[in-house]
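Structure first, commentary second.
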Amino acid sequence: MTSNEITICGKVYSVKPISSSVSMEEVATLVNAKIKELSEAKSKTSMVDVAVLTALNLGHELIELKQGKKSEDEQLNQHLDGMIQKLKKYLDLIEKKRVNSR
-16 MTSNEITICG KVYSVKPISS SVSMEEVATL VNAKIKELSE AKSKTSMVDV
34 AVLTALNLGH ELIELKQGKK SEDEQLNQHL DGMIQKLKKY LDLIEKKRVN
84 SR
């Protein structure tokens, strides 16, 4: 895997991409935006504290997204289970009609 150079808060980092579906530049842009947002809101906070708060905020967002996806997956599975049950009943009715028509 090749490494990319990204810049966060003016410092260049050489990183290896974890996945090909998301570019490290995209991640760096998000991190920079979050750091800027927090550092503007908390002007007297140290950069280390801003970085920690940024990590906490991004972690919180990630967990919310995972929980939302899990909930959506559960709803989809329930819907699919219901459809499967309806199809089974329909197929049973068709089979009964076929047997009775002989």
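Numbering (this note's numbering), first residue to last: -16 to 85.
For each residue, glycine too, the CB sits at the ideal point set by N, CA and C.
Exercise for the section: Output the distance between the C-alpha atoms of E55 and D64, rounded to the nearest integer angstrom. Expected result: 14 Å
Exercise for the section: Since I believe E20 is in contact with I(-11) (beta carbons under 8 Å), could you give me their beta-carbon distance rounded to a whole number of angstroms? Expected result: Not confirmed; about 18 Å, so no contact.
Exercise for the section: Consult DSSP for V5 and reduce its assignment to one of helix, strand or coil. Expected result: coil
Handout entry: First through last residue of the alpha helix (DSSP H) which encompasses S54
Key = M30 to N83
Exercise for the section: Could you pull out every residue in the same chain whose Cβ sits closer than 6 Å to the Cβ of L39, ignoring the five residues on either side in sequence? Expected result: none
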